[in-house]
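In what follows, a structure is listed as structure tokens, so that the remarks can point back to it.
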Amino acid sequence: MRNLIKAFVLLFLFFACGKSSNGNHFQKETLASQETYAARRYEMVHLQIQQRGVKDSLVLAAMRKVPRHEFVSETMKNLAYSDQPLPIGENQTISQPYIVAFMTECLGLKGGEKVLEIGTGSGYQAAVLAEIVKQVYSIEIIASLGLAADKKLKSLGYHNIQVKIGDGYLGWPEQAPFDGIIVTAAPDHIPQPLVDQLKIGGKMIIPVGDYFQELIQVTKKADGSIKKKSVLPVVFVPMTGKAQKK
Ligand SMILES: C[S@@+](CC[C@H](N)C(=O)[O-])C[C@H]1O[C@@H](n2cnc3c(N)ncnc32)[C@H](O)[C@@H]1O
Numbered sequence: 246m247r248n249l250i251k252a253f254v255l256l257f258l259f260f261a262c263g264k265s266s267n268g269n270h271f272q273k274e275t276l277a278s279q280e281t282y283a284a285r286r287y288e289m290v291h292l293q294i295q296q297r298g299v300k301d302s303l304v305l306a307a308m309r310k311v312p313r314h315e316f317v318s319e320t321m322k323n324l325a326y327s328d329q330p331l332p333i334g335e336n337q338t339i340s341q342p343y344i345v346a347f348m349t350e351c352l353g354l355k356g357g358e359k360v361l362e363i364g365t366g367s368g369y370q371a372a373v374l375a376e377i378v379k380q381v382y383s384i385e386i387i388a389s390l391g392l393a394a395d396k397k398l399k400s401l402g403y404h405n406i407q408v409k410i411g412d413g414y415l416g417w418p419e420q421a422p423f424d425g426i427i428v429t430a431a432p433d434h435i436p437q438p439l440v441d442q443l444k445i446g447g448k449m450i451i452p453v454g455d456y457f458q459e460l461i462q463v464t465k466k467a468d469g470s471i472k473k474k475s476v477l478p479v480v481f482v483p484m485t486g487k488a489q490k491k
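Quick note, the sequence shown lines up with residues 246 to 491 if you use my numbering.
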């Protein structure tokens, strides 16, 4: 009898979870495994992110909400909330959770902004941004990754993200200016088109360098010039395309 009740509960949970509240994403997970992932996510935010000094409540809420395990392959799901970057195919990675949170905080977002991301990768960083701002534009140079991320984001109900396949060095002039720009692949200099597409008062966060890279927070001043602040030593994949042809 107990087993029968258990089977009914599982069946109920399976169907109850079949549709997400914001889309038609069919989730194969039971409520129990979703709760396990949520618990891991809360722990990740507490231990890896808050304890390292990230304070922005909008960023912390977004990091608690976005299901990171949805952005990695089946074999990596168990590691989705661990303190490391993970492979996503094509020799690329989804960044370490702390770095995603730290970079997002560096943009100083308040909600309602229009943000550009260079390096869509898995789509995870774009989803974190989309929880905070009004509209996210994201550019990925590897078509297979960009297309997969776009599909994943739509299936999870993120309709305020536009993904484009192309070279992010050039930015997205048709949608400029942006309140914030986040770059998740490292060029050896700050691309001028991205500076041009940043609003006055807007912030860009970008890893710059070859072997040794620094995360630079760029603020655009009223006269169009920029203020640069080095905020963290980092290791990112190189920015390919035009960045390497200069
Ligand atoms: C560290 S991964 C990005 C992780 C991603 N933000 C995420 O949340 O999964 C860097 C990405 O930048 C992409 N990339 C490299 N050079 C690029 C360029 N010039 N334009 C656009 N994307 C580029 C890579 O293909 C890779 O997917």
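Think of the CB as a built atom: it goes at the ideal place given N, C-alpha and C, for glycine as much as any other residue.
For residue i, tell me which candidate among the options has the shortest Cα-Cα distance.
{"i": "LEU398", "options": "THR429, LEU276, ALA375, THR320", "result": "ALA375"}
{"i": "THR365", "options": "TYR343, LYS355, GLY334", "result": "GLY334"}
{"i": "LEU415", "options": "GLY486, HIS291, GLN407", "result": "GLY486"}
{"i": "ILE387", "options": "VAL381, ILE377, GLN380, GLY413", "result": "GLY413"}
{"i": "PHE457", "options": "LEU439, LYS465, PRO432", "result": "PRO432"}
{"i": "ALA325", "options": "PRO438, GLY402, MET289, GLY411", "result": "MET289"}
{"i": "ASP455", "options": "MET348, ILE435, GLN370, SER327", "result": "ILE435"}
{"i": "ALA421", "options": "ILE445, ILE410, VAL373, GLU315", "result": "ILE445"}
{"i": "GLU319", "options": "LYS310, GLU385, LEU331, PHE481", "result": "LEU331"}
Return helix, strand or coil for residue i, following the three-state DSSP convention.
{"i": "VAL480", "result": "coil"}
{"i": "GLN337", "result": "strand"}
{"i": "LYS322", "result": "helix"}
{"i": "LEU361", "result": "strand"}
{"i": "VAL311", "result": "coil"}
{"i": "PRO332", "result": "strand"}
In the DSSP assignment, what residue or residues form a beta bridge with residue i?
{"i": "ALA431", "result": "PRO483"}
{"i": "PHE423", "result": "LEU443"}
{"i": "SER475", "result": "ILE461"}
{"i": "ILE384", "result": "ILE363, LYS409"}
{"i": "PRO452", "result": "LEU460"}
Inspect the beta-carbon positions of residue i and residue j and report whether they are closer than 7 Å.
{"i": "ILE339", "j": "SER367", "result": "yes"}
{"i": "ALA346", "j": "VAL408", "result": "no"}
{"i": "ILE451", "j": "CYS351", "result": "no"}
{"i": "GLN437", "j": "PHE423", "result": "no"}
{"i": "VAL373", "j": "ALA306", "result": "no"}
{"i": "SER383", "j": "GLU358", "result": "no"}
Can you give me the start and stop residues for the beta strand (DSSP E) that residue i sits inside?
{"i": "LEU415", "result": "LEU415 -> no beta strand (DSSP E), and no H or E assigned at all."}
{"i": "VAL408", "result": "406-410"}
{"i": "TYR287", "result": "Premise fails: TYR287 lies in the alpha helix (DSSP H), 276-289, not in any beta strand (DSSP E)."}
Can you name the start and end residues of the alpha helix (DSSP H) that residue i belongs to?
{"i": "PHE347", "result": "342-351"}
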